[in-house]
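Have a look at the structure below before the remarks.
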Amino acid sequence: MTTTDPVMPRARRRGITVSARWKITAWIMLTTLLLLVVVLVTARNLSLRDADVRANNDVEQEVAELRRFAAEGVDPTTTRPFTTVERMLEVYLSRQSPALGEVMFGVIGGRIIEGPSDGRLRLITDDPALLDVMVRGTATGGVLDSGAGAIRWGRLTIDNLGGAAGTFVVAVFTQPARDLVDRTIFTITMVGLGGLMLTTGIAYLVAGRILAPVRTVRTVAADIGESDLTTRVPVHGRDEIGALAETFNEMLDRIESAYTTQRQFVDDAGHELRTPITVVRGHLELLPDDPEERAKTLALVDSELVRMGRIVSDLLMLAKAEQPDFVVGRSVDVAALVLDIESKVQALGDRRWLLMEVAEGHAVLDPERVTQAILQLASNAVAHTEDGSTIRLGSRYVEDAGTCYLSLWITDEGPGVRPEDAATIFERFQRGGGPADRTATTRRSGAGLGLAIVRAIADGHHGTAWVRSIYGQGATFGLDVPVGTATEYSTAPADTRPITRPVTKEIP
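Start counting the sequence shown at 1; every next residue gets the next number (full-length UniProt numbering).
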């Protein structure tokens, strides 16, 4: 027995959803926080080390100053060199302004001569062991631990003056400086946290602005339905987000084009195939037993099936016209192309075909599509004229608004096109016609798609399909294909410059 794991609901598989906006904000916040921590730790360590270095320098400086003062100083009351160590220490200490945590004192015969102090001298004098190390120890300086923290100290013994020898001690409590560093770091930390909150808020707002087009893309994608593919994402700026919006809009254009083509094909197929299917079905249901009538009915059914095949082919052709590779241009000898078309039109019907003019030179176009368009125009001319009537064709170069066009045309002697039909005759399923062309119309079995194909081929070449007609006096249908600027053609070498050569040649 085969078992399968139960399918988890989609929402449960997704887990907790966190928006990209919050992810960006969180990453910026974490990065900034990490940087702040690194800066604070580094700043504190450097500041503490600097405090210790300053304490050592203060001790060395005070010892050096006292040594120099003992050698060079004078008693202010006598203006003569000091005669006793006691007097020299009293004068020296009275002139000092100790730094933060700094203590200086002298010792003569067990008596302590105090200098200016913030009260920390008691922390030394009240600790006999600590005082003994500083005054009588073998070391003359170093670092000692006390109840108030580490002490960096130094000692100088003076015995080169009159009277009893004396000892000078300078000590620096480093804890006050370390406390100052910690308070500074705390202040910086508070300011940094405030900056972090501000940065987080700004990052949230900026991320929202940057991701706004993405949210718009999501909204547009959610709003798109079968009935509306026209919504597009507004494009702002030329950055990656703007490029994303442009790419998304281009994708929507392709989807809309494909959907429109598909819907048009389905609508057209349903519209045009309904009648021949009904005709075939009706005749098959009433198929007679008489062999002759049966043959006629089957011939009619075959004719309708051929018509259905032609309709499907035309619809497929129009659907392909929406594809970018519908027209593939290449350099073509225009005269050879026209002569090739000339050789093919005579098979379309019993008409008097006249080639009136031929454009010579080379042009970039799709010869297969152009041939298909002109043969379609020729077929229409045959369908709207009587046997033996004259149909003229030709090609020429024309200029319009600085652009040179290759114009290929077909002129017939049929009923022409009514003015109200001329504007829509190249639309799908527009056959035109009226009382004057009723006879010819009865011979046609087209679905009104031929001229739509001609226009699609013209559009694929960025050209135009046109008709000129006086109703009741025939019509001229043509196809204009741009082949370059007028300046390019007017300045081309004489042996390669495109020309239009008049001819009057009846096609056998």
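The beta carbon of each residue, even a glycine, is placed where N, CA and C say it ideally should be.
Whole angstroms is fine: what's the gap from residue i's alpha carbon to residue j's?
{"i": "Thr439", "j": "Ser389", "result": "Confidence in Thr439 is poor, its pLDDT being 42 and thus under 50, which makes the residue's placement too unreliable to answer from."}
{"i": "His384", "j": "Lys344", "result": "19 Å"}
{"i": "Ile151", "j": "Ala207", "result": "53 Å"}
{"i": "Ala20", "j": "Arg183", "result": "38 Å"}
{"i": "Arg178", "j": "Arg67", "result": "29 Å"}
{"i": "Arg444", "j": "Ile224", "result": "Below a pLDDT of 50, predicted positions are generally treated as unreliable, and Arg444, at 45, falls in that range; no measurement from the model is reported."}
{"i": "residue 511", "j": "Asp253", "result": "In the structure as shown, the chain starts at 1 and stops at 508, and residue 511 therefore has no counterpart that could be examined."}
{"i": "Gly194", "j": "Ile202", "result": "12 Å"}
{"i": "Ala245", "j": "Ala222", "result": "15 Å"}
{"i": "Val334", "j": "Leu451", "result": "22 Å"}
{"i": "Val235", "j": "Arg215", "result": "13 Å"}
{"i": "Ala70", "j": "Val107", "result": "15 Å"}
{"i": "Ile158", "j": "Phe82", "result": "12 Å"}
{"i": "Val398", "j": "Leu300", "result": "46 Å"}
{"i": "Leu161", "j": "Thr79", "result": "16 Å"}
{"i": "Thr17", "j": "Leu33", "result": "24 Å"}
{"i": "Gly154", "j": "Met190", "result": "38 Å"}
{"i": "Val338", "j": "Gln346", "result": "13 Å"}
{"i": "Leu121", "j": "Val172", "result": "10 Å"}
{"i": "Ile28", "j": "Arg428", "result": "59 Å"}
{"i": "Asp366", "j": "Asp325", "result": "11 Å"}
{"i": "Thr4", "j": "Met308", "result": "Per-residue confidence for Thr4 stands at a pLDDT of 43, beneath the threshold of 50, marking its modelled position as unreliable; no derived number is given."}
Which of the three DSSP states is assigned to residue i in this structure?
{"i": "Gly309", "result": "helix"}
{"i": "Thr17", "result": "coil"}
{"i": "Tyr204", "result": "helix"}
{"i": "Pro81", "result": "strand"}
{"i": "Thr3", "result": "Because the pLDDT of Thr3 is 43, which lies under 50, any placement of that residue in the model is unreliable, and the question is left without a value."}
{"i": "Val143", "result": "strand"}
{"i": "Leu391", "result": "Going by the sequence as given, residue 391 is Ile instead of Leu. Three-state DSSP puts Ile391 in a strand."}
{"i": "Arg68", "result": "helix"}
{"i": "Glu360", "result": "strand"}
{"i": "Thr464", "result": "strand"}
{"i": "Asp126", "result": "coil"}
{"i": "Val214", "result": "helix"}
{"i": "Gly414", "result": "coil"}
{"i": "Arg111", "result": "strand"}
{"i": "Asp118", "result": "coil"}
{"i": "Gly434", "result": "Only weak support is given to the placement of Gly434: the predicted model assigns it a pLDDT of 44, under 50, and the value that follows is read from those uncertain coordinates. Here Gly434 sits in coil by DSSP."}
{"i": "Val235", "result": "coil"}
{"i": "Asp289", "result": "coil"}
{"i": "Ile224", "result": "coil"}
{"i": "Pro98", "result": "coil"}
{"i": "Gly242", "result": "helix"}
{"i": "Thr449", "result": "For clarity, residue 449 is Leu in the given sequence; the question names Thr instead. It is coil, neither helix nor strand."}
{"i": "Arg428", "result": "coil"}
{"i": "Thr32", "result": "helix"}
Compare the Cα-Cα distances from residue i to each of the options and report the closest residue.
{"i": "Ala51", "options": "Leu100, Val91 and Leu244", "result": "Leu100"}
{"i": "Thr371", "options": "Val382, Tyr397 and Ile453", "result": "Ile453"}
{"i": "Ser47", "options": "Trp22, Gln175 and Val181", "result": "Val181"}
{"i": "Thr297", "options": "Val280, Ala171 and Trp27", "result": "Val280"}
{"i": "Asp480", "options": "Phe326, Asn45, Arg396 and Met308", "result": "Arg396"}
{"i": "Val467", "options": "Thr424, Leu35 and Arg428", "result": "Thr424"}
{"i": "Gly416", "options": "Ser407, Tyr471 and Ile391", "result": "Tyr471"}
{"i": "Asp145", "options": "Leu89, Leu300, Arg155 and Val133", "result": "Val133"}
{"i": "Ala401", "options": "Gly110, Gly484 and Thr157", "result": "Gly484"}
{"i": "Glu458", "options": "Ser407, Thr411 and Asp412", "result": "The sequence given here places Ala at residue 458; Glu does not occur at that position. With distances taken between Cα atoms, Ala458 lies closest to Ser407."}
{"i": "Val103", "options": "Val170, Arg392 and Gly242", "result": "Val170"}
{"i": "Ala165", "options": "Val85, Ile410, Trp27 and Thr31", "result": "Val85"}
{"i": "Asn57", "options": "Thr77, Thr17, Leu30 and Gly142", "result": "Gly142"}
{"i": "Thr167", "options": "Gly192, Arg136 and Gly149", "result": "Arg136"}
{"i": "Tyr92", "options": "Pro116, Gly110 and Gly109", "result": "Pro116"}
{"i": "Ala64", "options": "Leu196, Val306, Leu156 and Lys23", "result": "Leu156"}
{"i": "Val382", "options": "Ile188, Asp350 and Glu368", "result": "Asp350"}
{"i": "Trp409", "options": "Phe105, Arg418 and Leu375", "result": "Leu375"}
{"i": "Val328", "options": "Glu368, Asn380, Asp289 and Asp290", "result": "Glu368"}
{"i": "Asp239", "options": "Thr260, Ile210, Gly149 and Tyr405", "result": "Ile210"}
Could you pull the DSSP bridge partners for residue i from this structure?
{"i": "Tyr405", "result": "Val398 and Pro482"}
{"i": "Ala469", "result": "Looking at the sequence shown, residue 469 is not Ala but Ser. DSSP, once it has assigned bridges, lists Ala475 as partnering Ser469."}
{"i": "Phe105", "result": "Glu114 and Val169"}
{"i": "Val301", "result": "Answer by DSSP bridge pairing: none, since Val301 is not bridged."}
{"i": "residue 529", "result": "For the chain, the structure presents residues 1 to 508; residue 529 sits outside this window and is missing."}
Residue i CB to nearest chain B CB: under 9 Å?
{"i": "Gln346", "result": "Any reference to chain B falls outside this structure, which holds one protein chain only."}
Contiguous beta strand (DSSP E) assignments of at least 3 residues, all confined to the segment 146-182:
Within the segment 146-182, the complete beta strand (DSSP E) runs of at least 3 residues are 149-158 and 166-173.
Checklist entry - Which whole runs of the beta strand (DSSP E) in the segment 325-375 are 3 residues long or more, in chain order? => result 330-333, 352-360 and 362-365
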